[in-house]
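Trainee: Please see the structure below; I have some questions.
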Amino acid sequence: MEERRALRGTPPVAAPVAAPVAAQVAESVVDEFSSFVNIVDNLLGTALPEDTVNAFLASPEFALYERVGTNPTAAGHDDRVAFFAMVDGLLEDMPDEAITAFLASPEFQLYSRVGERYS
């Protein structure tokens, strides 16, 4: 087919470029991180003991939480790594029954994928 086009003077058809696939993957990673932030925000607000939440709100780490939580898509890689480590430590303070429920939930699969990427 290419030879016929060359003979007729018709320009060859360009092959598809892989960039859209890479862009879709990057977009998926951003969407996953935003979803992860929503999941974590819900867990911190509903599953953590009140004294743990109050201590966190008064800690210097809360500034990172607020910055990343306000705009997860704008968070750089280093902030995402620090954010994941911070919330992973906080979630250890959840009651055992909340941890068990979270481990059995579909949200935990997303949490694990984000953890693989940023821990």
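Here my numbering is used: position 117 in the sequence shown is 104, and no number is missing along the way.
Glycine residues also receive a C-beta, built at the ideal position from the N, C-alpha and C atoms.
Using the Cβ count rule (16 or more neighbours within 10 Å means buried), how would you classify A91?
Mentor: The residue in question, A91, is exposed, as its Cβ has fewer than 16 Cβ neighbours within 10 Å.
Trainee: Could you spell out the range, first to last residue, of the alpha helix (DSSP H) harbouring T57?
Mentor: 48 to 57 is the extent of the alpha helix (DSSP H) around T57.
Trainee: Please state whether DSSP places S106 in a helix, a strand or coil.
Mentor: Note: S106 maps to coil in three-state DSSP.
Trainee: Using the Cβ count rule (16 or more neighbours within 10 Å means buried), how would you classify A62?
Mentor: A62 is buried by the Cβ-count criterion.
Trainee: Closer than 8 Å is the cut-off here; do at least three beta carbon pairs connect the stretch 33 to 40 with the stretch 66 to 73?
Mentor: No, the stretch 33 to 40 is not in contact with the stretch 66 to 73.
Trainee: Using 10 angstroms around the beta-carbon of P59, count the other beta-carbons present and answer buried if the total reaches 16, otherwise exposed.
Mentor: Label assigned to P59: buried.
Trainee: How many Å lie between T57 and D80 at the Cα?
Mentor: Taking the straight line from one Cα to the other gives about 23 Å.
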